[in-house]
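These notes concern the structure reproduced below.
Chains as they are written, first to last, in our numbering: chain A, 45 to 181; chain B, 26 to 172.
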């Protein structure tokens with residue numbers, strides 16, 4: 045699914061956000077809860093206020109998982125296997141998180157979030173979503 | 026009818042006031058054609074769409090992008106009456122252009138990303154939430170006359 049060029053671009057993006065990864069995770073979740081209130085139904089046990097420790101902590105987890113995916117672009121299925129179980133049996137995979145993560149990248153990278161990078165990253169997020177949904181049926 | 030709070034209207038107009046419709050429209054349409062290549066099927070007569078560079082530089086893409094976003098501006102002036110505003114365009118996209126309305130949603134999401142890239146931190150979560158709502162409602166209005 046991802047060409048060699050796509051993989052290169054995805055890895056470059058990941059390097060560009062470097063130390064801001066955790067922040068990006070929290071911001072992604074915050075944007076997702078604001079734009080798509082239905083996503084909050086998966087976190088009734090969370091304090092969802094701006095800056096909450098739980099959002100920060102969970103954002104960090106999400107980004108770490110994406111980071112694992114970036115390091116294992118040739119083997120997403122295996123790398124995300126456990127997460128696939130969680131998402132298949134307890135959650136629901138929806139492009140909403142992907143949209144918000146891309147918005148965060150666009151906010152932080154500005155012009156560097158070129159159409160080519162955008163396309164590659166969109167493909168990457170689709171591939172991740174596909175793997176996470178793998179165990180549904 | 027969709028309800029817009031005073032804050033939402035403010036967030037919409039303050040962003041829109043700073044948007045260069047020609048640039049933004051061109052960029053959004055180009056990205057649609059690049060990120061979701063199947064959308065190129067609607068633009069057979071646009072000439073060279075063979076690469077991201079070709080698409081970005083294509084004058085027909087730029088012109089059409091401007092047209093699309095200008096129409097969006099009409100929506101913003103008629104927030105309380107979107108279905109009527111887009112009635113004819115909806116029929117056109119269904120009967121003559123045969124566009125799957127899912128593509129309106131995709132373009133809307135891309136527009137949000139383009140705005141995020143332009144405005145950076147100023148495109149706050151509240152801003153994004155309002156604009157996601159707006160693009161969703163526009164997409165819905167454009168799909169309304171489908172049969």
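In this text, a Cβ means the ideal position worked out from N, Cα and C, and glycines have one as well. Nothing here was measured: the structure is a model prediction, and the numbers come from that model.
Pairing CB atoms from the stretch 160-169 of chain B with CB atoms from the stretch 107-125 of chain B, are three or more of them under 8 Å?
-> yes
Chain-ordered chain A contacts of residue 145/B [CB-CB under 7 Å] = 151, 154
Residue 110/B versus residue 100/B: straight-line alpha-carbon distance, rounded = 7 Å
Hey, out of 62/B, 88/B, 84/B, 50/B, whose CA is closest to residue 94/B's CA?
-> 50/B
Unbroken alpha helix (DSSP H) run spanning residue 131/B, endpoints = 127-144
Other residues of its chain near residue 68/A: CB distance less than 8 Å, five sequence neighbours each side excluded = 61, 103, 107, 145, 148, 149, 152
Skipping 5 residues on each side, what residues in its chain have a beta carbon closer than 7 Å to that of residue 176/A?
-> 124, 127, 128, 131, 137
Can the beta-carbon of residue 127/B be found less than 9 Å from the beta-carbon of residue 90/B?
-> no
Is it buried or exposed for residue 33/B, if we count other Cβ within 10 angstroms and need 16 for buried?
-> buried
Spatial neighbours of residue 168/A in its chain, beta-carbon cut-off 6 Å, leaving aside the 5 residues before and after = 54
How would you call residue 48/A, buried or exposed, if buried means at least 16 neighbouring beta carbons within 10 angstroms?
-> exposed
Drop a sphere of 10 angstroms on the beta-carbon of residue 133/B, count the other beta-carbons inside from all chains shown, and report buried for 16 or more, exposed for fewer.
-> When all chains shown are included, residue 133/B counts as buried.
What are the uninterrupted segments assigned as alpha helix (DSSP H) that are 4 or more residues long and contained completely in the stretch 70-124 of chain B, given in chain order?
-> Within the stretch 70-124 of chain B, the complete alpha helix (DSSP H) runs of at least 4 residues are 77-82, 84-102, 107-110, 112-116.
What's the C-alpha gap between residue 87/A and residue 64/A?
-> 24 Å
Can you give me, in chain order, the residues of the stretch 128-144 of chain B that have a beta carbon less than 9 Å from any beta carbon in chain A?
-> 134, 135, 137, 138, 139, 140, 141, 142, 143, 144
Residues in its own chain within less than 6 Å of residue 72/A by CB, not counting five upstream and five downstream?
-> Around residue 72/A, the same chain offers 144, 145, 148 as residues with beta carbons nearer than 6 Å, after the five sequence neighbours per side are excluded.
Taking C-beta to C-beta, are residue 27/B and residue 137/B nearer than 9 Å?
-> No.
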